[in-house]
Amino acid sequence: MKKLINQPEDAVKEELEGVAAAHGDRLRVHTAPNYIVRADAPVHGKVALVSGGGSGHEPMHGGFVGLGMLDAACPGEVFTSPTPDQVLEAAKAVNGGAGVLLIVKNYSGDVMNFEMAAELAEDEGIEVEQVVIDDDVAVKDSLYTAGRRGVGATVLAEKICGAAAEQRWPLPDVAGLCRKVNANARSMGVALTSCTVPTAGKPTFELADDEIELGIGIHGEPGRERRKLAPAHAIVETLATAVVKDLPFGRGDEVLAFVNGMGGTPLMELYVVYNELHTLLEGWGIAIGRNLIGSYMTSLDMAGCSITLLRLDDELTAFWDAPVNTTGLRWGV
Amino acid sequence: MKKLINQPEDAVKEELEGVAAAHGDRLRVHTAPNYIVRADAPVHGKVALVSGGGSGHEPMHGGFVGLGMLDAACPGEVFTSPTPDQVLEAAKAVNGGAGVLLIVKNYSGDVMNFEMAAELAEDEGIEVEQVVIDDDVAVKDSLYTAGRRGVGATVLAEKICGAAAEQRWPLPDVAGLCRKVNANARSMGVALTSCTVPTAGKPTFELADDEIELGIGIHGEPGRERRKLAPAHAIVETLATAVVKDLPFGRGDEVLAFVNGMGGTPLMELYVVYNELHTLLEGWGIAIGRNLIGSYMTSLDMAGCSITLLRLDDELTAFWDAPVNTTGLRWGV
Amino acid sequence: MRDTVTQGGLTAWLRAFAAAVARDREELTDLDAAIGDADHGSNMDRGMQAVVGKLGGLSPDEAGVGVGALLKTVGMTLVSTVGGAAGPLYGSLFLDMGKAAGEDAELTVAQWATAVEAGVRGVQARGKAELGDKTMIDALAPAAEALSAAAACGLSLADALRRTAEAAAQGMKATTPLVARKGRASYLGERSAGHQDPGATSSWLLMQAAAEALASDAPPDRPRT
Amino acid sequence: MRDTVTQGGLTAWLRAFAAAVARDREELTDLDAAIGDADHGSNMDRGMQAVVGKLGGLSPDEAGVGVGALLKTVGMTLVSTVGGAAGPLYGSLFLDMGKAAGEDAELTVAQWATAVEAGVRGVQARGKAELGDKTMIDALAPAAEALSAAAACGLSLADALRRTAEAAAQGMKATTPLVARKGRASYLGERSAGHQDPGATSSWLLMQAAAEALASDAPPDRPRT
Ligand SMILES: Nc1ncnc2c1ncn2[C@@H]1O[C@H](COP(=O)(O)OP(=O)(O)O)[C@@H](O)[C@H]1O
Ligand SMILES: Nc1ncnc2c1ncn2[C@@H]1O[C@H](COP(=O)(O)OP(=O)(O)O)[C@@H](O)[C@H]1O
Ligand SMILES: [Mg+2]
Ligand SMILES: [Mg+2]
Ligand SMILES: [Mg+2]
Ligand SMILES: [Mg+2]
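Each protein sequence line maps, in turn, to chains A, B, C and D. Counting from 1, one number per residue, gives the positions in the first sequence under the numbering used here. Counting from 1, one number per residue, gives the positions in the second sequence under the numbering used here. Counting from 1, one number per residue, gives the positions in the third sequence under the numbering used here. Counting from 1, one number per residue, gives the positions in the fourth sequence under the numbering used here.
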């Protein structure tokens with residue numbers, strides 16, 4: 001394993017120290033338990049957005065804390081959801097009296113830990129809503145499984161709901177908006193290589209030099225299918241077809257297209273992917289109204305990408321365009 | 001070789017098509033010859049900043065075109081400097097009557113191609129100045145070599161000079177400012193893995209599982225020394241010591257600290273690196289006034305990072321803080 | 001050998017479990033890499049190290065509280081240090097065992113069986129997994145059942161714990177051919193078959209550690225090893 | 001076999017060089033990977049493919065212009081398609097050869113030698129490299145010198161070109177032990193020793209192609225192969 005870290009067990013702790021040292025002007029990093037809040041928290045009268053999950057997905061979620069997006073992020077250990085006390089303390093730190101929305105990615109661990117946190121927060125008199133994001137079409141949704149995973153839609157939901165919260169929307173409405181984003185977004189990813197969890201010290205899975213894993217999760221969970229390496233246009237067509245058919249997106253729809261890098265894939269390739277996606281969607285009569293291209297939700301050093309489409313309407317577009325000021329996403333301020 | 005591309009020869013072309021499709025609202029992408037200009041170019045009465053270099057370093061330079069930074073970027077083939085006609089046409093497209101500053105990284109190819117372009121532009125009556133950036137301390141500067149390479153300082157110079165140009169500084173002054181940035185900045189990088197040039201199809205060099213290459217160039221040029229893999233604190237100490245001793249930076253200096261990812265290294269590790277750098281500099285009495293952490297000047301899929309320090313004064317700090325609106329760097333607008 | 005569960009026994013058990021997790025950490029992570037995200041070993045190790053630290057740091061006062069309070073402390077520690085799926089699940093196991101155990105200083109085999117059953121029900125309430133979903137429940141539920149049966153037959157603590165561990169081992173092994181329906185492995189669908197579940201494996205280690213150490217009568221303040 | 005350099009000979013030469021570059025593309029890139037950035041093969045191949053395309057696309061009018069004009073077209077094409085260090089350098093070589101060749105329809109061996117010398121001076125003016133800096137100059141300069149000497153002795157074109165190629169080969173091989181002082185390889189310092197210079201290698205291919213094809217009398221409009 002080759003990483004720019006010290007002791008594998010200390011990677012998250014030292015990363016957070018780095019964040020604190022770098023962004024003390026805009027973020028407050030709390031340790032034991034670990035959480036990151038915007039420097040001006042709590043914002044009085046504003047619904048507070050709290051998210052979190054395992055570390056290793058940076059800039060998600062810590063890089064999305066700030067005006068117009070999250071009030072707090074709770075980083076767990078690498079690929080391990082945060083614990084209830086982290087979420088509880090973060091919620092207490094950012095609650096501005098208008099309640100707290102917990103944005104949770106649909107993984108058993110995340111769901112259970114946030115659920116326990118919500119119970120504890122309610123015990124302390126904080127109004128809490130939870131929305132579980134589950135946009136990954138690679139996983140068959142079924143009553144008999146843990147359901148679909150939460151991936152790229154999380155970033156979009158955090159941005160859009162953050163904007164609504166800045167406009168002082170009340171908690172049930174912000175939560176409703178979050179469910180709307182989730183209901184209108186679908187994603188799928190592909191891995192060219194495995195990631196390596198620092199404490200594991202070796203790749204989570206092995207892919208031959210000519211193999212890719214379709215439908216990969218952001219934690220290096222194996223996907224649903226292993227295939228031979230293919231040109232970008234074939235890979236993008238597979239991902240985009242699965243995504244488009246699932247909702248389904250249709251002729252005349254306007255979408256936000258999010259091409260996300262997995263951590264080990266450079267921007268150059270993401271633009272090649274975007275180019276293919278753009279051509280495909282154009283052919284299918286789906287217009288790209290907005291786009292986001294970059295490594296915003298990573299899986300450590302995994303090479304690969306994911307594609308997320310969100311069906312836009314005027315409301316979602318306006319909230320997407322609203323000012324945001326975080327270390328990971330910034331415009332309008 | 002595993003990349004999200006189609007034919008290796010087409011990667012740059014298709015990347016540019018992706019950029020054009022994604023950012024048509026803010027950029028114009030010209031092909032044959034290839035260059036990217038801000039949508040509102042030429043800006044009348046403003047010194048135009050033109051840079052460029054081989055592709056494979058994204059977001060540098062195309063991602064830095066826009067208000068407050070570059071007017072045009074000329075992407076060459078992967079790791080191959082652009083040709084004089086690209087630079088000439090770009091200069092003509094953005095010249096707003098106040099002259100053109102060419103920001104050139106010190107590589108034989110870049111220097112010669114930009115030189116030819118400058119000659120051609122002057123023949124066409126455009127006022128041109130060139131500044132060559134050479135901040136890489138890994139390479140011994142000597143009369144008998146091609147001198148030091150240009151690396152991280154390029155990003156900082158483009159930002160800072162772009163701000164001065166927006167304030168309508170005249171050409172000689174913007175060029176002088178660019179030289180000042182270069183004179184006050186030093187960098188050094190490390191590779192954990194090689195990059196793979198698409199048309200070469202295999203890694204440029206081989207590193208054993210327990211080896212790193214110190215003083216790597218951003219084109220996968222071998223560094224000056226191969227070492228055993230070491231913890232982040234040891235690697236950062238090596239890089240920072242070389243950088244600090246070279247200028248030298250000293251107790252009481254205030255610096256901009258730029259921790260740059262090489263393309264295959266995720267943000268998490270860059271924050272671990274920043275944390276080490278911050279601790280070291282604090283110990284040496286050097287204050288970090290500003291910072292930039294992320295993959296802004298990449299080397300395809302190489303894993304590794306570089307550290308750049310720029311000694312700040314009020315002027316440089318103010319220009320750094322000035323608004324910038326590009327796809328790669330954005331704040332204040 | 002004692003025939004009741006005491007604070008001393010619990011402490012010895014938890015230390016033995018922590019040691020087993022530390023020893024098999026890489027194996028647990030490898031199992032999780034195959035059908036999950038390669039962190040179960042480090043998650044459990046981090047949690048059990050914290051538990052052992054807590055045990056060592058208990059003041060004589062706290063050390064003197066009942067079996068139930070100790071179990072609850074363990075549960076809270078796991079909840080706040082493990083994270084992931086295993087954190088709330090093992091946390092619930094111990095919290096609900098603790099609630100059922102009450103304030104007594106020691107438990108009979110039957111009381112212990114009742115506590116374990118309550119703990120396992122807690123895991124199921126939290127995780128909604130059924131037998132056969134390829135989770136830790138596949139080791140825990142048969143173990144709790146075997147323990148209750150052993151208690152009903154009046155077996156000694158040592159014998160009951162041995163049967164419990166055997167049942168957990170059976171359950172753990174039985175997860176291999178299953179297709180996962182809960183947890184991260186369920187994303188794999190059919191491809192999850194052919195791999196032993198990591199959580200069932202750590203649950204077997206837990207029961208195995210009980211068989212080795214819970215009936216021992218080491219004092220609670222034995223220095224950390 | 002002709003004893004003068006004609007448009008037909010030039011065209012055959014450039015096609016032979018393009019074919020050699022395409023054939024040895026990977027080797028050139030490998031040499032560049034060792035001490036540079038792994039693109040010399042693809043750079044030269046891209047450029048020479050463009051040149052060959054240009055040759056095929058020349059209108060009869062253009063095809064009829066002098067040797068000098070043809071060389072300048074080649075130079076401009078290389079400048080605008082190769083990029084990197086090799087683009088301006090090979091571009092200068094051909095541009096300055098073209099200037100020296102003037103408007104004649106064919107050149108004697110002596111005139112050809114003068115043109116090549118001018119071209120090599122152009123490379124040196126652009127790149128500032130001296131003999132021994134481990135660059136293409138190490139192949140080009142001895143080649144130009146050998147060519148001039150051969151011309152002075154009145155050798156036939158074919159013999160002169162053979163000696164030229166031999167001198168280029170010597171110069172190329174001599175780059176191996178050198179420490180680079182120009183170009184990207186110079187960043188390596190002492191570690192650049194022990195590797196043959198990629199640019200010197202492509203320059204040898206250029207002179208080798210001349211020996212094979214420049215004295216041939218294929219018509220300029222021979223269909224592309
Ligand atoms: N809903 C559930 N009910 C019971 N056990 C579960 C459930 N979800 C996951 N598990 C168990 O948790 C184990 C994984 O734990 P761990 O790897 O620590 O957490 P995570 O899956 O969040 O990475 C699985 O092997 C399985 O035994
Ligand atoms: N200043 C120079 N003068 C002469 N030749 C040079 C000079 N710089 C580089 N070269 C030649 O160019 C070759 C490299 O060409 P190429 O790889 O295409 O360009 P780049 O180095 O820009 O990637 C070197 O092997 C060397 O022979
Ligand atoms: Mg996990
Ligand atoms: Mg090059
Ligand atoms: Mg796991
Ligand atoms: Mg090269």
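We treat Cβ as the ideally placed atom computed from N, Cα and C, and that holds for glycine. Being a predicted model, the structure only gives us computed values, none of them experimental.
Sorting B:229, B:270, B:95 and B:78 by C-alpha distance to the C-alpha of residue 15 (chain B) places B:78 at the top.
Counting other Cβ atoms within 10 Å of its Cβ, residue 196 (chain C) reaches 16 or more and is therefore classed as buried. Using beta-carbon distances, residue 82 (chain B) does not count as an interface residue toward chain A, since no partner is under 8 angstroms. In the DSSP assignment, residue 257 (chain B) forms a beta bridge with B:291 and B:309. At a cut-off of 8 angstroms between beta carbons, residue 79 (chain C) contacts chain A. Boundaries of the alpha helix (DSSP H) around residue 207 (chain C): 198–213.
What residue 217 (chain A) touches in chain C, judged by beta-carbon distance under 7 angstroms, is 187, going in chain order. Distance from the CA atom of residue 202 (chain B) to the CA atom of residue 196 (chain B), rounded to whole angstroms, is 5 angstroms. Annotation: residue 186 (chain C) to residue 52 (chain D) spans about 58 angstroms, alpha carbon to alpha carbon.
Among the CB atoms of chain A, none fall inside 8 angstroms of the CB of residue 153 (chain B). When DSSP assignments are scanned along the stretch 213–265 of chain B, the uninterrupted stretches of beta strand (DSSP E) that are 3 or more residues long and fall wholly within it turn out to be 225–228 and 254–261. Ligand 3 has a heavy atom closer than 7 angstroms to the beta-carbon of residue 80 (chain A). Residue pairing of residue 331 (chain A) in beta bridges, as defined by DSSP: A:324.
Between residue 119 (chain A) and chain C, the shortest Cβ-Cβ separation is not below 8 angstroms. Around residue 200 (chain D), no beta-carbon contact reaches into chain B at under 7 angstroms, the shortest distance being about 14 angstroms.
Along the stretch 270–298 of chain B, the positions whose C-beta sits under 7 angstroms from a C-beta of chain A are 271, 272, 273, 274, 275, 278, 291, 293 and 298, read in chain order.
Excluding its 5 nearest sequence neighbours in each direction, residue 89 (chain A) has C-beta neighbours in its own chain below 8 angstroms: 30, 33 and 35, listed in chain order. Inter-segment contact for the stretch 190–210 of chain D and the stretch 164–175 of chain D is present: three or more beta-carbon pairs are separated by less than 8 angstroms. Close partners of residue 194 (chain A) in chain B (Cβ separation under 7 angstroms) are lacking, with about 12 angstroms as the shortest Cβ gap. Scanning its chain for C-beta atoms nearer than 6 angstroms, with the 5 sequence neighbours on each side dropped, one finds around residue 109 (chain A) the residues 81, in chain order. When DSSP states are grouped into helix, strand and coil, residue 105 (chain A) belongs to the strand group. Taking 9 angstroms as the Cβ-Cβ cut-off, the stretch 27–44 of chain C approaches chain A at 29, 30, 32, 33, 34, 35, 36, 37, 38, 39, 41, 42 and 43, given in chain order.
Residue 39 (chain C) is a Cβ neighbour of residue 32 (chain C), given a cutoff of 8 angstroms.
Within the same chain, 137, 138 and 141 come within 7 angstroms of residue 131 (chain D) by CB-CB distance, once the 5 residues on both sides are set aside. Within the DSSP bridge table, the entry for residue 55 (chain A) names A:78 as partners. The Cβ of residue 177 (chain D) sits no closer than 8 angstroms to any Cβ of chain B. Taking the C-beta atoms as reference points, residue 157 (chain D) is found no nearer than 8 angstroms to residue 37 (chain D). Pairing residue 27 (chain B) with residue 39 (chain B) gives a Cβ-Cβ distance under 8 angstroms. For the 8 angstroms CB-CB criterion, residue 316 (chain A) and residue 181 (chain A) form a contact.
In the three-state reduction of the DSSP assignment, residue 176 (chain B) falls in the helix class.
DSSP, read as helix, strand or coil, puts residue 63 (chain B) in helix. For a Cβ distance threshold of 8 angstroms, nothing in chain A lies close to residue 121 (chain C): the least Cβ distance comes to about 15 angstroms. Beyond the five residues adjoining it in sequence on each side, residue 191 (chain B) comes within less than 6 angstroms, by CB distance, of 213, 216, 302 and 304 in the same chain, given in chain order. Annotation: the continuous alpha helix (DSSP H) that includes residue 282 (chain A) extends over 267–283.
For the pair of segments examined, the stretch 16–24 of chain B was found to touch the stretch 268–287 of chain A: the number of CB pairs separated by less than 8 angstroms reaches three. Nearest C-alpha to residue 230 (chain B) among B:209, B:218, B:205 and B:175: B:209.
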